[in-house]
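Peer 1:
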Ligand code: HEM
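In mature numbering (1 follows the signal peptide of the UniProt record, and there is no 0), the protein residues as written are -21 to -1, 1 to 483.
1. Would you call residue 467 buried or exposed, if buried means 16 or more other Cβ atoms sit within 10 Å of its Cβ?
2. Taking the alpha helix (DSSP H) that residue 101 falls in, what are its first and last residues?
3. Would you say residue 376 and residue 105 are within 8 Å of each other, going by their C-beta atoms?
4. List the whole-angstrom C-beta distance separating residue 379 from residue 57, where the pair is believed to meet the contact cut-off of C-beta under 8 Å.
5. Which runs of the alpha helix (DSSP H) at least 4 residues long sit entirely within the region 55 to 91? Give them in chain order.
6. Could you check what DSSP says for residue 339 in three-state terms: helix, strand or coil?
7. By DSSP, does residue 241 sit in helix, in strand, or in coil?
8. Please tell me whether residue 348 and residue 423 are closer than 8 Å, where the distance is taken between their beta carbons.
9. Measuring CA to CA, which of 84, 309, 74 is closest to residue 447?
10. Return helix, strand or coil for residue 159, following the three-state DSSP convention.
11. Are residue 363 and residue 70 closer than 8 Å when you measure CB to CB?
12. For residue 205 and residue 157, what's the separation of their Cα atoms in angstroms?
13. Hey, would you say residue 127 sits closer than 8 Å to residue 327, going by beta carbons?
14. In chain order, which alpha helix (DSSP H) runs of at least 4 residues are fully inside the region 251 to 337?
15. What three-state label does DSSP hand residue 390 in the structure shown?
16. Can you list, in chain order, the residues of its chain whose CB lies under 8 Å from that of residue 26, leaving out five sequence neighbours each side?
17. Roughly how many whole angstroms lie between the Cα atoms of residue 402 and residue 335?
18. For the alpha helix (DSSP H) containing residue 486, list its first residue and its last residue.
19. To the nearest angstrom, how far is it from the Cα of residue 293 to the Cα of residue 431?
20. Would you please state the rounded distance, in angstroms, between the beta carbons of residue 406 and residue 415? I believe it to be under 8 Å.
21. Once DSSP output is grouped into helix, strand and coil, what is the label at residue 376?
22. Is residue 169 near the ligand HEM, going by C-beta to nearest heavy atom under 7 Å?
23. Helix, strand or coil: which one does DSSP assign to residue 479?
24. For residue 268, count neighbouring C-beta atoms within 10 Å of its own C-beta (all shown protein chains included) and say buried if the count is 16 or more, exposed if not.
25. If you draw a straight line from the C-alpha of residue 139 to the C-alpha of residue 439, how long is it?
26. Provide the residue(s) that pair with residue 447 in DSSP beta bridges, ordered along the chain.
27. Flag residue 397 as yes when its Cβ comes closer than 7 Å to any non-hydrogen atom of the ligand HEM, and as no otherwise.
28. Would you kindly work out how many angstroms separate the C-alpha atoms of residue 89 and residue 245, rounded to a whole number?
29. Work out the CA separation of residue 12 and residue 175 for me, nearest whole Å.
30. Helix, strand or coil for residue 398, going by three-state DSSP, please let me know.
31. Measuring CA to CA, which of 220, 329, 389, 385 is closest to residue 124?
32. Taking DSSP as the reference, what is the three-state secondary structure of residue 362?
33. What first and last residue would you give for the beta strand (DSSP E) that runs through residue 149?
34. Taking C-alpha atoms, which residue in 29, 197, 54, 49 lies nearest to residue 369?
35. Alpha carbon to alpha carbon, how far is residue 290 from residue 420?
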């Protein structure tokens, strides 16, 4: 009897051993990656500058998914069309949250904004308000006059620089791009009331004027802080020391923006009841009517002002940089504009559907220079897998959107600026063609993609229709640092007017 029991125990033990061995063999391995140091993980291999380029180099060494933990964060770098599709389409529901971060705490008003908020009820509310109110097609088309007015003002200010003769003058293109995009977004958000006119409140007037005057500075600072590798996010115990001085800078930046937002919301609260008709309402009126809290409204304003302006302005600057470097393309765009719109009036956005070459230029600019090259970080709450590898719960995923546009397997002569590649194709930028994802795809796709494309094509169209452009030397086509990658060197070009006098 004892002999039988011993025999059964040996058999059972053997079966358990086989089962466990099979289970651990079936469990997918983690993706490969650089050497992991105790406590700090892959921090020494982490690229601090032009991160999208550094990540591509790491993927050439380790494969399309790279494990890159830092401190307490599990980070994975994702490259290639198939994996982008797996993250953003097939497993979109699993990978659509966001990691908590110091940027979300300050710029996102305690993660109340659409961009930095994890996938939760708050996100659903603010994303819906952002898409349905701020970006509603009816609102966008009813505000065409506002964009037109701002583009015309920009052309006027350029005439102030170039003069009314036919001489060349030097132009700070970044300033022009940030100025026009910034004014359009601010007017969309705050209405005319808050741009230095009709303000009863002297504090509001002072702060609004300061915002207008100092906006470039805030934009640059917001972009820097948003994109910086903040050690406190990865080593929470170090947070109290603020070793990089970033928390202090976040607080200073928000001490400029928050009082303005608070004041504007308060003013709107007072005024909403007095507004009788729909036409008088701006975005904040509508958000207040939707019962959004002050924090949620401030989060929406913050997203629209910081990444919203910077991304579109960077795309305009890249377009002008590429056109100045490719005079043949510039002159083809001008010929198209002259033949569709003529030379006696300046183009506006109603002409865009009849300008296929201009549309192809915009796509080609976003292929080579997506303004958010690394996508925003995605996070999976539950354990999952990608490309056959295990991805533990609460991992941060970076999809390299910039590398997709430069992938030789997807594009012929990938590094060449060649808008012709889009003529006669259906390839679009709005998230269903996974070789071209400047606005990403899935539920976290940029909710402002339609507005961004209208502005990009309208502003670039008006600049190249109204003026000739040339560069004094070679243009720097390498990206700078930050979450938004504009050209590393602010673009300066020479311009001169080119249309008939009555067009301006
Ligand atoms: C050329 C211009 C732009 C580009 C290339 C761009 C690109 C992107 C990208 C790549 C994302 C991340 C999507 C993801 O996580 O998968 C994003 C998100 C977002 N963008 Fe844009 N964007 C542009 C313009 C704008 C503008 C003008 C606004 C606002 C006025 C805006 C507001 C947002 C918001 C709120 C999100 C967060 C969406 C969410 O997490 O649910 N973007 N954008």
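Backbone N, C-alpha and C define an ideal beta-carbon position, used for all residues, glycine too. Since we're looking at a predicted model, the values are computed, not measured.
Peer 2: The short version:
1. Here the question's residue 467 lines up with position 488 in the chain shown. Per the 10 Å Cβ criterion, exposed.
2. Taking the first residue of the chain shown as position 1, residue 101 is located at position 122. Per DSSP, the continuous alpha helix (DSSP H) segment holding residue 101 begins and ends at 100 to 108.
3. Counting from one through the chain shown, the residue named residue 376 turns up at place 397. Counting from one through the chain shown, the residue named residue 105 turns up at place 126. With a cutoff of 8 Å on beta-carbon distance, residue 376 and residue 105 are scored as not near each other.
4. Start at 1 with the first residue of the chain shown, and residue 379 comes out as number 400. Start at 1 with the first residue of the chain shown, and residue 57 comes out as number 78. By a beta-carbon distance limit of 8 Å, residue 379 contacts residue 57. Their separation comes to about 7 Å.
5. Within the region 55 to 91, the complete alpha helix (DSSP H) runs of at least 4 residues are 60 to 64, 81 to 85.
6. Along the chain shown, one-based indexing puts residue 339 at 360. Residue 339 falls in the helix class under three-state DSSP.
7. Counting from one through the chain shown, the residue named residue 241 turns up at place 262. Secondary structure at residue 241: helix, using DSSP grouped into helix, strand and coil.
8. Indexing the chain shown from 1 puts residue 348 at position 369. Indexing the chain shown from 1 puts residue 423 at position 444. Note that the C-beta distance between residue 348 and residue 423 is not below 8 Å.
9. One-based indexing of the chain shown puts residue 447 at position 468. Cα-wise, what sits closest to residue 447 is 309.
10. Within the chain shown, the letter at position 180 stands for residue 159. In the structure shown, residue 159 falls within a helical segment according to DSSP collapsed to helix, strand and coil.
11. Sequence index remark: in the chain shown, residue 363 carries index 384 (1-based). Sequence index remark: in the chain shown, residue 70 carries index 91 (1-based). Yes, these two residues count as a Cβ contact at 8 Å.
12. The residue given as residue 205 occupies position 226 in the chain shown. The residue given as residue 157 occupies position 178 in the chain shown. One Cα belongs to residue 205, the other to residue 157, and the distance between them is close to 18 Å.
13. For this step, residue 127 is matched to residue 148 along the chain shown. For this step, residue 327 is matched to residue 348 along the chain shown. Yes, the pair counts as a contact, with Cβ atoms nearer than the cut-off.
14. The qualifying runs are 262 to 268, 273 to 304, 306 to 320.
15. Numbered from its first residue, the chain shown carries residue 390 at position 411. In this structure, residue 390 counts as coil in the three-state DSSP scheme.
16. Position 47 of the chain shown, counting from 1, holds the residue named residue 26. Only 32, 33, 34, 36, 37 meet the Cβ criterion.
17. In the chain shown, counting from the first residue as 1, residue 402 sits at position 423. In the chain shown, counting from the first residue as 1, residue 335 sits at position 356. Those two C-alpha atoms are separated by around 7 Å.
18. Here the chain has residues from -21 to 483 only, and residue 486 is not among them.
19. Locating residue 293 in the chain shown gives position 314, counting from the first residue. Locating residue 431 in the chain shown gives position 452, counting from the first residue. Their backbone Cα atoms lie some 11 Å apart in a straight line.
20. Within the chain shown, the letter at position 427 stands for residue 406. Within the chain shown, the letter at position 436 stands for residue 415. Taking 8 Å as the upper bound for CB-CB distance, residue 406 and residue 415 are in contact here, some 6 Å apart.
21. Locating residue 376 in the chain shown gives position 397, counting from the first residue. Looking at residue 376 - three-state DSSP - the assignment turns out to be strand.
22. As a position in the chain shown, residue 169 is number 190, starting the count at 1. When distances are taken from the beta-carbon of residue 169 to the heavy atoms of the ligand HEM, even the shortest one reaches 7 Å or more.
23. For the purposes of this step, residue 479 is taken as residue 500 along the chain shown, with counting starting at 1. Correct three-state label for residue 479: coil.
24. To locate residue 268, count along the chain shown from 1; it is residue 289. Exposed is the label assigned to residue 268, since fewer than 16 other Cβ atoms lie within 10 Å of its Cβ.
25. The residue you call residue 139 lines up with position 160 of the chain shown. The residue you call residue 439 lines up with position 460 of the chain shown. Approximately 19 Å, taken between the alpha carbons.
26. Looking up residue 447 in the chain shown gives position 468. Paired residues: 475.
27. Translated into positions along the chain shown, residue 397 becomes position 418. Annotation for residue 397 indicates a beta carbon at 7 Å or more from all heavy atoms of the ligand HEM.
28. Counting from 1 along the chain shown, the entry for residue 89 is found at position 110. Counting from 1 along the chain shown, the entry for residue 245 is found at position 266. The C-alpha of residue 89 lies about 20 Å from the C-alpha of residue 245.
29. Here residue 175 refers to the residue found at position 196 when the chain shown is read from its first residue. Here residue 12 refers to the residue found at position 33 when the chain shown is read from its first residue. Confidence in residue 175 is poor, its pLDDT being 44 and thus under 50, which makes the residue's placement unreliable; the coordinate value appears in the next sentence. Taking the straight line from one Cα to the other gives about 53 Å.
30. The count along the chain shown starts at 1 and reaches residue 398 at position 419. Residue state, collapsed to three classes: helix.
31. Counting from one through the chain shown, the residue named residue 124 turns up at place 145. Of the listed residues, the one whose Cα sits closest to residue 124 is 329.
32. As a working note, residue 362 is residue 383 in the chain shown. Coil at residue 362, not helix or strand.
33. For this step, residue 149 is matched to residue 170 along the chain shown. Unbroken beta strand (DSSP E) run through residue 149: 148 to 151.
34. In the chain shown, the residue the question calls residue 369 occupies position 390. If we check each option's Cα against that of residue 369, 54 comes out closest.
35. For the purposes of this step, residue 290 is identified with residue 311 of the chain shown, where counting begins at 1. For the purposes of this step, residue 420 is identified with residue 441 of the chain shown, where counting begins at 1. As the crow flies, the alpha-carbon of residue 290 is around 17 Å from that of residue 420.
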